[in-house]
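When you line the sequence shown up against this note's numbering, it's residues 6 to 263, in that order. Beta carbons: idealized from backbone N, C-alpha and C, even for Gly. Here's the structure we're looking at; comments come further down.
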Amino acid sequence: MQLLINPLAGPVDDPSSLGALSALYAYPDQVNQGLPWLRANMVAGLDGGARLDGVSEGLSGDADKRIFGVLRALSDVVLVGAETVRTEGYRPARARTEFAAARAAAGQAPAPAIAVVTRSLALDLTAPLFTEPLVRTVVITTEDAPEERRRAVAEVADLVLAGRGSVDLRAGVAALAERGWTRLLSEGGPRLLGQLAEAGLLDELCLSLAPLITGGDAPRIIHDAEMPDVQRMRLVSLIEQKGFLFTRYLRHLGSETP
């Protein structure tokens, strides 16, 4: 890996090391004061497609998976849409020995929880995500979701009710923060990321650009979002490895110069 831009930290001799990546992607201090910070981690091809052959795996590479693992290891909870859970075959996050001491010192569980956002509750409750998690899976749904399904989900996961008709993501994120989970990571998919951006909840975007032109009809990383206004972001780090670019953007504050 070659670190091209890193104005927020000092020199990094080996940006591929877990220590360097952990420092580079550290959450801001506000998370220690009970204030949530939501980052998204997504991958796309050069023509903007967020999937290849229906899944994001085809766009990934070794370095992308390494950063993916670090971002998970730093987080308290991973927010993901039900469609992505079904399509990508989501499993529980695992504990990683390399991060055990740092997570314990920060008061974190051995692994992040997975929080699934779904209105329909159309989930396979026999999947490992619900039967084998180190930290009990959370399901965020609506107050008027089918009662029978809500009862079934509540047997294998923690149920958070937020909104009616559609999931109120602001309320959902607030409920996670009330548990002390202020380091939030969204892994999509594109529709959920669009809803988070539309709700003004996206503080940070970690976007991996694969050196591929895929064509097809894959969605962009943000799909079907009715944005009230353009959200400006500022680049704070850029890493290159074998043609892949790993970018990190933070929310642009109004007092800053674009």
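Here arginine 141 is exposed, its C-beta having fewer than 16 other C-beta atoms within 10 Å. Here asparagine 46 is buried, its C-beta having at least 16 other C-beta atoms within 10 Å. Straight across, the Cα-Cα distance linking leucine 26 with methionine 6 is about 11 Å. In the DSSP annotation of this structure, valine 36 is not part of any beta strand (DSSP E), being labelled neither H nor E. One thing to note: valine 48 has its Cβ no nearer than 8 Å to the Cβ of serine 191.
Look at threonine 252 here: in three-state DSSP terms it is strand. In the same chain as alanine 180, and ignoring 5 residues on each side of it, the C-beta atoms closer than 8 Å to its own belong to Ile145, Val165, Ala167, in chain order. For serine 27, the enclosing alpha helix (DSSP H) begins and ends at 23 to 29. Taking the C-beta atoms as reference points, valine 143 is found no nearer than 8 Å to valine 85. Residue nearest to leucine 43 within the set His228, Leu243, Leu189, Arg239 is Leu189 (criterion: CA-CA distance).
Taking a cut-off of 8 Å on C-beta distances, the segment 152 to 160 does not touch the segment 105 to 116, as fewer than three cross pairs fall below it.
A Cβ-Cβ contact shorter than 8 Å links tyrosine 95 with isoleucine 119. If you check the CB distance, alanine 68 and phenylalanine 249 come in under 8 Å.
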